[in-house]
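J.:
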Amino acid sequence: MSVQHVSVFPSLSDSVFSDRFNRIDKLFSQLTGDSPVSSVPAYDLKHVEENRYALTVSVPGWKEHELEIELRGDRLSVAGHREQASQHASDEADKESGRWIHRGISRHDFQLSFSIPEHIKVTEASLAEGLLNIDLLQEIPESEKPRRIPIAIGGQRTLEHQ
1 MSVQHVSVFP
11 SLSDSVFSDR
21 FNRIDKLFSQ
31 LTGDSPVSSV
41 PAYDLKHVEE
51 NRYALTVSVP
61 GWKEHELEIE
71 LRGDRLSVAG
81 HREQASQHAS
91 DEADKESGRW
101 IHRGISRHDF
111 QLSFSIPEHI
121 KVTEASLAEG
131 LLNIDLLQEI
141 PESEKPRRIP
151 IAIGGQRTLE
161 HQ
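The letter at position 72 of the sequence shown is residue 72 when you use full-length UniProt numbering, and the numbering goes up by one with no holes.
Structure, rendered in structure tokens:
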């Protein structure tokens, strides 16, 4: 199982470290002839509106009951766990047929973990055509929203009664 922690608003150091790791992984893969280590599905994160975000995770071949979305504190986790019975039956069928020439579709369990800002809620999740779509909404309470403070010109003014 592969675990990846990703910030919704990644910093420069996150991308630099990730890039270095990916380069090292590719180098070892070229030297050994193995496929790269990463088996984490690809994803897109889009800022839709002022307080709305859309996360799309590529999960071809996964079924709804094999996927799990969990929001706990400031972490959003998306995980995929294959059923052992269906995976074993699929492996047995593959051995009997023996017709695979190339098998590049990842069938490994995975977990993506995202660091998210406060007050984020998952409003909807759907699975269609191999894409898991998760809609996120950030609802900031009025008491925590920034507010403009008026500045008085020339100090306080005294009103006189006439």
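Don't be surprised by glycine CBs; every beta carbon is placed ideally from N, CA and C.
Determine the direct distance from the alpha carbon of ARG103 to that of LEU31, and round the result to whole angstroms.
T.: Distance from the CA atom of LEU31 to the CA atom of ARG103, rounded to whole angstroms, is 21 Å.
J.: Can you check which of these residues, PRO60, LEU45 and GLU50, is closest to ALA128 by C-alpha distance?
T.: PRO60
J.: Could you compute how far the alpha carbon of ARG72 sits from the alpha carbon of GLU50?
T.: 23 Å
J.: Among residues of its own chain, excluding the 5 on either side of PHE75, which ones have a beta-carbon nearer than 8 Å to its beta-carbon?
T.: It is worth fixing the name first, because residue 75 is Arg in this sequence and not Phe. SER113, PHE114, SER115 and ILE116.
J.: Quick one, which of GLY98, GLU66, ILE149 and ARG147 has its alpha-carbon nearest GLN111's?
T.: GLU66
J.: Thinking just about the alpha-carbon of each residue, which of LEU45, LYS46, VAL57 and TYR53 is nearest to the one in GLY130?
T.: VAL57
J.: The beta strand (DSSP E) spanning ARG75 covers which residue range?
T.: Element bounds for ARG75: 75 to 80.
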